[in-house]
Amino acid sequence: MLRLNRTTRVALAAITVIALGFMYIPLFVIVMNSFNSSRVSGWPIPGFSLEWWGKALTNPAVHAALLNSVIVASVATAFALLLGTLAAFALQRFRFFGKQTVNLLIVLPITLPGIVTGVALSNTYFQVLKPMGINVGYWGMIIAHATFCVVMVFNNVIARLRRMHPNLDEASMDLGAGIGQTFRLVTFPQFRSAFIAGGLLAFALSFDEIVVTIFTAPPGVETLPLWIMNQMARPNEVNQVNVVATVMILLSLIPVYISQRVSAVTDAK
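In this note's numbering, the protein residues as written are 1320 to 1588.
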């Protein structure tokens, strides 16, 4: 066991406290400002009030933006889970010409700056497809999100597949199990945690995406990040943003808890 002297332990503890402070003090300020009695955010807050909670939770624009974010993130994640898993199996289990090129093309969207992806998709939607009479509309935004969500699932699943031994699948089929039964009872349980983790990452990435959304969202459609960005230009409405941000902080604990539980169950097995 590695033993550290007292000076090193104190230094590491101080660095840890400073790092955690940089991460969590701003979040604390946001939470406190959601209860600010003043119309303008600041610190320290002059008093406590639930006025902004009432306005934010009954604001139809917030409801519409949240619904759009959930729909886009959910559908994009569903596409990503399907396509990312299939691509991971294809690249891990089969050999074919251009395999490395296909791998590069799958991973490339996550390495490109969001503004490049957004401009490219916007030009395609509005300067190529629209003149041809194809109006992608809402689905264009979902497809745009799916392009980088696929990478999250692909990376997680293929990393797990590389550690799996194919002999287990072969043994299952030798014992009379079909392809579907082998996948359900042998293969899928082995990469299930990576599958779920990839899905959670994809959903979080899509839900939070703003750059690509700016370029691909149809007119009049706002996701929650777009609504927050637009409201930040209105100083008297910023405390509603603080309320929404506080709710999102609380909701973000759910996928963290789920991922921790999945990891614990996997480690126990």
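Glycine included, each C-beta is placed from N, C-alpha and C at the ideal position.
Cβ neighbour criterion (16 or more within 10 Å) applied to residue i
{"i": "Arg1479", "result": "buried"}
{"i": "Ile1498", "result": "exposed"}
{"i": "Gly1459", "result": "buried"}
{"i": "Thr1675", "result": "Since the first residue of the chain shown is 1320 and the last is 1588, residue 1675 is not available in this structure."}
{"i": "Ser1571", "result": "exposed"}
{"i": "Phe1616", "result": "Because the chain is modelled from 1320 through 1588, residue 1616 falls outside the range shown and cannot be assessed."}
{"i": "His1464", "result": "buried"}
The alpha helix (DSSP H) enclosing residue i, as first and last residue numbers
{"i": "Asn1387", "result": "Pro1379 to Arg1412"}
{"i": "Ile1498", "result": "Ile1498 to Thr1501"}
{"i": "Lys1374", "result": "Glu1370 to Leu1376"}
{"i": "Phe1367", "result": "Counting along the chain, Phe1367 falls outside any alpha helix (DSSP H), and DSSP gives it neither H nor E."}
{"i": "Met1548", "result": "Leu1543 to Gln1550"}
{"i": "Val1530", "result": "Val1530 to Thr1535"}
As assigned by DSSP and simplified to three states, the class of residue i
{"i": "Phe1416", "result": "coil"}
{"i": "Asn1555", "result": "helix"}
{"i": "Asn1442", "result": "helix"}
{"i": "Phe1510", "result": "helix"}
{"i": "Asn1355", "result": "strand"}
{"i": "Ala1478", "result": "helix"}
Closest Cα partner of residue i within the set the options
{"i": "Gly1373", "options": "Leu1339, Val1566 and Ser1571", "result": "Val1566"}
{"i": "Glu1556", "options": "Lys1418, Thr1542 and Ser1353", "result": "Ser1353"}
{"i": "Glu1528", "options": "Ala1516, Glu1541 and Gly1517", "result": "Glu1541"}
{"i": "Pro1574", "options": "Ala1521, Pro1538, Pro1537 and Thr1532", "result": "Ala1521"}
{"i": "Ala1552", "options": "Ser1360, Val1531, Met1351 and Gly1452", "result": "Ser1360"}
{"i": "Ser1512", "options": "Val1348, Val1381, Ser1356 and Ile1477", "result": "Ile1477"}
{"i": "Trp1362", "options": "Val1336, Val1348 and Asn1475", "result": "Val1348"}
{"i": "Phe1510", "options": "Pro1544, Leu1494 and Val1472", "result": "Val1472"}
Beta-carbon proximity list for residue i, same chain, < 7 Å, skipping 5 on both sides
{"i": "Val1421", "result": "Leu1410"}
{"i": "Ile1547", "result": "Val1560 and Val1563"}
{"i": "Ala1523", "result": "Pro1574"}
{"i": "Leu1402", "result": "Val1469"}
{"i": "Val1505", "result": "Leu1487, Asp1488 and Ser1491"}
{"i": "Thr1396", "result": "Cys1468, Gly1518, Ala1521, Phe1522 and Ser1525"}
Own chain partners of residue i with C-beta closer than 8 Å, once the 5 adjacent residues on each side are dropped
{"i": "Leu1448", "result": "Asn1454 and Val1455"}
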